[in-house]
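> Protein chains in written order, with the numbering used here: chain L, 13 to 466; chain Y, 13 to 466.
Dropping a structure here in structure tokens format, bear with me for questions.
Below, the structure written as structure tokens:
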């Protein structure tokens with residue numbers, strides 16, 4: 013759709029909503045290309061958007077919610093009638109249902125939970141206890157498990173009877189259990205095809221299957237799915253089967269984690285921002301990061317104030333201070349990116365600070381020499397002052413070494429202390445490298461002046 | 013494993029490699045926790061690593077390759093005997109096999125291709141024609157398709173006979189075709205369970221299934237999988253079935269795209285860097301970005317040189333120039349991040365520059381006022397000079413508006429021109445905002461001086 017089409021669709025949809033035309037609304041939303049659903053819905057007025065979800069049938073509404081994951085659908089669900097919200101939530105996979113209810117305000121969540129069946133409420137409450145980046149928080153509880161004496165015929169009969177329910181979820185495996193839900197083995201659904209109806213599951217299943225503990229971290233889950241080609245793995249707590257985690261859920265969580273990391277580094281903190289949010293929310297969140305940053309900047313700049321006499325005697329240096337600041341920040345950020353990547357891939361452990369320091373030192377020395385030489389030559393040729401060249405060249409060279417080494421180890425140290433490296437590495441790095449860079453440049457200039465070279 | 017364990021494992025593995033102990037090596041690698049495979053293998057000497065893959069049986073080697081995806085396994089495959097490489101590649105899913113062969117140097121790739129069957133070679137060559145971020149580049153060609161008159165019994169018989177082959181791939185759907193591979197319909201494997209052996213596929217399949225064109229872009233694929241709950245979708249070219257794309261492959265590609273975006277923004281260009289690469293490669297790649305950046309920095313700083321007389325008369329301003337530069341960069345980067353996210357999610361189109369400009373203008377005005385006021389007060393109180401406060405406050409306020417608006421629209425414009433916003437947005441943004449910020453601050457100071465306020 014082009015820009016004009018979107019506007020036309022939004023207008024048409026708004027009209028249908030105002031007419032409370034349930035069929036028209038459902039038909040229009042179902043007919044939208046998937047790529048446009050979020051775009052069109054996001055352009056509706058907030059009140060029309062709520063009205064829309066009251067009008068859609070629950071299944072269509074749930075489908076649309078899956079396309080709106082990035083638009084904070086929990087706020088939408090909290091604003092519509094709890095009965096409608098509960099019906100929509102019921103259609104969603106259990107982990108998404110839980111995430112949305114957990115994100116709602118307690119009062120709204122409570123109202124919705126009261127309307128769900130006891131079993132569903134229990135499930136949601138169990139899932140809600142997990143962090144979103146461990147197996148328990150990423151698994152779904154929609155599983156097919158049977159006691160091990162169950163026969164293939166009985167399973168097929170159950171599949172046939174409940175085809176409607178099972179079709180809504182992507183179930184690939186059948187689990188055999190013993191006693192109180194203790195996992196015995198696993199079977200792919202298609203293996204049922206190759207078996208006689210009288211055979212018991214216990215005799216067919218692969219025993220001692222690969223399982224994941226409910227507390228397994230996201231990175232370890234990714235490694236597991238890299239190694240094994242399964243589409244899903246059973247999640248156990250104390251040997252008991254509690255859910256199944258799908259490969260796609262792990263990949264999706266990794267994608268979201270990478271995206272969040274990117275946003276944090278770019279100074280988007282306090283949650284995702286989309287431009288349909290009110291200006292006050294967007295400004296406020298951005299200012300939270302910016303005002304902390306301005307304080308750090310003032311601290312770093314106070315080095316310059318301290319050397320003001322030197323700078324007054326060598327005013328040509330002033331143009332090079334922002335260059336040294338920016339270049340050191342860039343060099344350091346490259347090392348930060350490599351460390352964060354290696355941490356995420358498990359190629360380095362937070363404790364290996366010395367190893368990383370050694371690896372970065374060589375890059376820092378090489379790049380420091382190259383950049384220092386380059387900037388020194390520029391300063392000399394441009395301003396016709398060889399001493400100025402030596403001062404800025406040497407300062408950039410040394411500060412590059414500092415920045416590269418710091419950039420390499422800061423993410424490890426932060427991770428070791430349980431702080432998200434994406435949020436804090438940048439500000440810490442640039443503050444220190446600014447202080448150090450200004451100090452080196454102005455310090456060398458002071459020395460040069462006192463020795464009579466300038 | 014702790015740091016010590018890793019070192020011990022690496023030593024033990026090295027010893028086994030030197031002894032050419034095939035069983036010992038395979039046993040050790042198979043027994044490693046998945047999270048440690050990449051770590052241990054990455055710490056081997058380059059030659060030992062090649063030797064390792066010669067010793068492992070092909071299936072185990074293929075499994076290890078899946079864990080080493082981020083460590084440029086194509087260089088490894090290019091260095092071992094082509095026969096071994098071909099056997100390992102044969103074990104991998106077709107899309108990964110193709111990616112690896114395509115990444116090898118032409119001579120090495122040619123040798124390996126000669127050793128694969130004609131059919132496999134054709135497949136690889138077909139897949140290699142696609143970009144890695146369209147359906148054709150992400151699909152696998154391992155599909156189960158049968159002519160529509162085939163009966164359920166015949167399909168089950170085929171599944172039974174080729175269970176070994178099919179087990180290696182995650183096949184979930186059966187496709188019915190007509191004539192020369194024209195897609196007629198789709199069936200989940202488990203639906204075979206509920207059908208009589210004599211029924212033909214043509215009568216069972218869901219007709220007119222959701223398909224994706226082979227050129228469909230990654231973002232559209234994500235939207236499709238968000239809307240439909242399928243685990244895989246058939247890929248067609250001119251109505252002909254050419255492959256199947258799995259949900260997990262799309263999620264993985266999105267995760268990788270997010271990670272690459274993050275690296276580009278942080279100045280890691282020319283491919284991923286890990287610290288086991290030689291220093292020359294790492295330094296060289298990082299310098300490619302840094303040396304372009306230093307040129308842009310010098311251009312921006314020339315504004316300061318132009319105003320040196322003003323700066324000499326108001327040396328206190330020097331400390332605020334890096335602050336204005338850094339803060340404007342941060343404000344702009346926030347807007348860049350929001351635009352890139354909205355582009356990725358399809359919430360904004362590259363042509364909607366005016367809409368984004370309007371949305372960012374309000375945030376820019378608000379945050380500019382807040383930050384300008386803050387910095388102005390700091391300058392006034394710290395340096396006891398109200399005019400200095402007005403100069404730097406006004407400069408930061410206006411420059412924040414410029415930076416926020418620019419940050420919002422630059423990614424859209426770059427995307428419109430087909431340039432990756434992650435690579436170019438940052439340098440373009442900070443160069444312009446530096447020039448503009450220096451010009452505003454020094455320009456206001458010049459005016460204040462000429463009016464006798466300073």
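For each residue, glycine too, the CB sits at the ideal point set by N, CA and C.
Keep in mind that this is a model prediction, so the values were computed, not measured.
Under the rule that 16 or more other beta-carbon atoms within 10 Å means buried, what is residue 174 of chain Y, buried or exposed?
Residue 174 of chain Y comes out exposed.
> Can you pull the chain Y neighbours of residue 332 of chain L, defined as C-beta to C-beta under 8 Å?
Within 8 Å Cβ-Cβ: 313.
> So residue 171 of chain L packs on residue 197 of chain L, CB below 8 Å; how close in whole Å?
Incorrect: roughly 18 Å between the Cβ atoms, too far for contact.
> For the beta strand (DSSP E) containing residue 252 of chain Y, list its first residue and its last residue.
Per DSSP, residue 252 of chain Y belongs to the beta strand (DSSP E) from 252-258.
> Just by C-beta distance, which residues in the stretch 347-372 of chain Y are closer than 9 Å to chain L?
Within the stretch 347-372 of chain Y, the qualifying residues are 347, 348, 349, 350, 351, 352, 353, 354, 356, 357, 358, 359, 360, 361, 363, 364, 367, 368, 371 and 372.
> Check whether the Cβ atoms of residue 82 of chain L and residue 284 of chain L lie closer than 8 Å to each other.
Yes. Within cutoff.
> By how many angstroms is the C-alpha of residue 145 of chain L removed from the C-alpha of residue 116 of chain L?
C-alpha separation (whole angstroms): 19 Å.
> Thinking C-beta only, is residue 248 of chain L closer than 8 Å to residue 254 of chain L?
Contact flag set, yes.
> If you reduce the DSSP assignment to three classes, tell me which class residue 178 of chain Y lands in.
Residue 178 of chain Y falls in the helix class under three-state DSSP.
> Residue 209 of chain L: buried (16+ other C-beta within 10 angstroms of its C-beta) or exposed?
Classification for residue 209 of chain L: exposed.
> Output needed in chain order: residues of the stretch 49-78 of chain L with a Cβ under 8 Å from some Cβ in chain Y.
Going along the stretch 49-78 of chain L in chain order, one finds 49, 50, 51, 54, 75 and 78 with a Cβ nearer than 8 Å to chain Y.
> Less than 6 Å between C-beta atoms, sequence neighbours within five positions excluded: which residues of the same chain meet that for residue 153 of chain Y?
Cβ within range, chain order: 106, 135 and 255.
> Taking 8 Å as the CB-CB limit, is residue 248 of chain L close to chain Y?
So, not an interface residue.
> Ignoring anything shorter than 3 residues or poking outside the stretch 236-311 of chain L, list the beta strand (DSSP E) runs there in chain order.
For the stretch 236-311 of chain L, whole beta strand (DSSP E) runs of length 3 or above, ordered along the chain, are 244-249 and 252-258.
> Exposed or buried, which one is residue 429 of chain Y when buried takes at least 16 other CB atoms within 10 Å?
Exposed, since its Cβ has fewer than 16 Cβ neighbours within 10 Å.
> Should residue 49 of chain L be labelled buried (16 or more other beta-carbon atoms within 10 Å of its own) or exposed?
It counts as buried.
> According to the neighbour-count rule (16 or more other Cβ atoms, all chains shown, within 10 Å of its Cβ), is residue 163 of chain L buried or exposed?
Buried, because 16 or more other Cβ atoms sit within 10 Å of the Cβ of residue 163 of chain L.
> According to DSSP, what are the bridge partners of residue 225 of chain Y?
Residue 225 of chain Y is bridged to Y:248.
> Confirm the yes/no value for this check: CB of residue 116 of chain L, any heavy atom of the ligand ATP, distance under 7 Å.
As presented, the structure is devoid of all ligands, the ligand ATP included, so that no description of it is given.
> Would you say residue 453 of chain L and residue 301 of chain L are within 8 Å of each other, going by their C-beta atoms?
No. Outside cutoff.
> Identify the contact partners of residue 327 of chain L in chain Y, using a Cβ-Cβ distance below 9 Å as the criterion.
Those are 320, 321, 323, 324, 327 and 330, listed as they occur along chain Y.
> May I ask you to report which of helix, strand or coil DSSP gives residue 152 of chain L?
Here residue 152 of chain L sits in strand by DSSP.
> Beta strand (DSSP E) containing residue 200 of chain Y: first to last residue?
194-200 is the span of the beta strand (DSSP E), which, as asked, contains residue 200 of chain Y.
> Anything in chain Y within Cβ reach of residue 279 of chain L, meaning under 9 Å, just list it in chain order.
In chain order: 342, 343, 345, 346 and 349.
> Using beta-carbon positions only, say whether residue 344 of chain L and residue 458 of chain L come within less than 8 Å of one another.
No, they are not a contact pair.
> Taking the continuous alpha helix (DSSP H) assigned at residue 90 of chain Y, which residues delimit it?
85-91 is the span of the alpha helix (DSSP H), which, as asked, contains residue 90 of chain Y.
> So is residue 302 of chain Y in contact with chain L if we call contact Cβ pairs under 8 Å?
So, interface residue.
> Could you tell me which uninterrupted alpha helix (DSSP H) segments, each at least 4 residues in length, are contained entirely in the stretch 354-427 of chain L, listed from first to last along the chain?
DSSP runs (the alpha helix (DSSP H)) wholly in the stretch 354-427 of chain L: 365-395.
> Could you please give the first and the last residue of the uninterrupted alpha helix (DSSP H) stretch that includes residue 436 of chain Y?
Element bounds for residue 436 of chain Y: 433-462.
> In the structure shown, what three-state DSSP assignment does residue 141 of chain Y receive?
Residue 141 of chain Y falls in the coil class under three-state DSSP.
> Taking Cβ to Cβ, would you say residue 438 of chain L is nearer than 8 Å to residue 310 of chain L?
Not in contact: residue 438 of chain L and residue 310 of chain L (Cβ atoms no closer than 8 Å).
> Throw me the rounded Cβ distance for the residue 100 of chain L and residue 60 of chain L pair, which I believe falls under 8 Å.
The pair is not a contact, with the Cβ atoms about 17 Å apart (cut-off 8 Å).
> Would you mind giving the Cβ-Cβ distance between residue 274 of chain Y and residue 349 of chain L, rounded to the nearest angstrom? I have them listed as a contact below 8 Å.
The Cβ separation is near 7 Å, so the contact holds.
> Any idea if residue 176 of chain L is buried or exposed, counting beta-carbon neighbours within 10 angstroms, 16 or more meaning buried?
With fewer than 16 other Cβ atoms within 10 Å, it is exposed.
> Classify residue 211 of chain Y: buried if its beta carbon has 16 or more other beta carbons within 10 angstroms, exposed otherwise.
When all chains shown are included, residue 211 of chain Y counts as exposed.
> Quick one: grab the DSSP three-state call for residue 128 of chain Y.
Coil, per DSSP.
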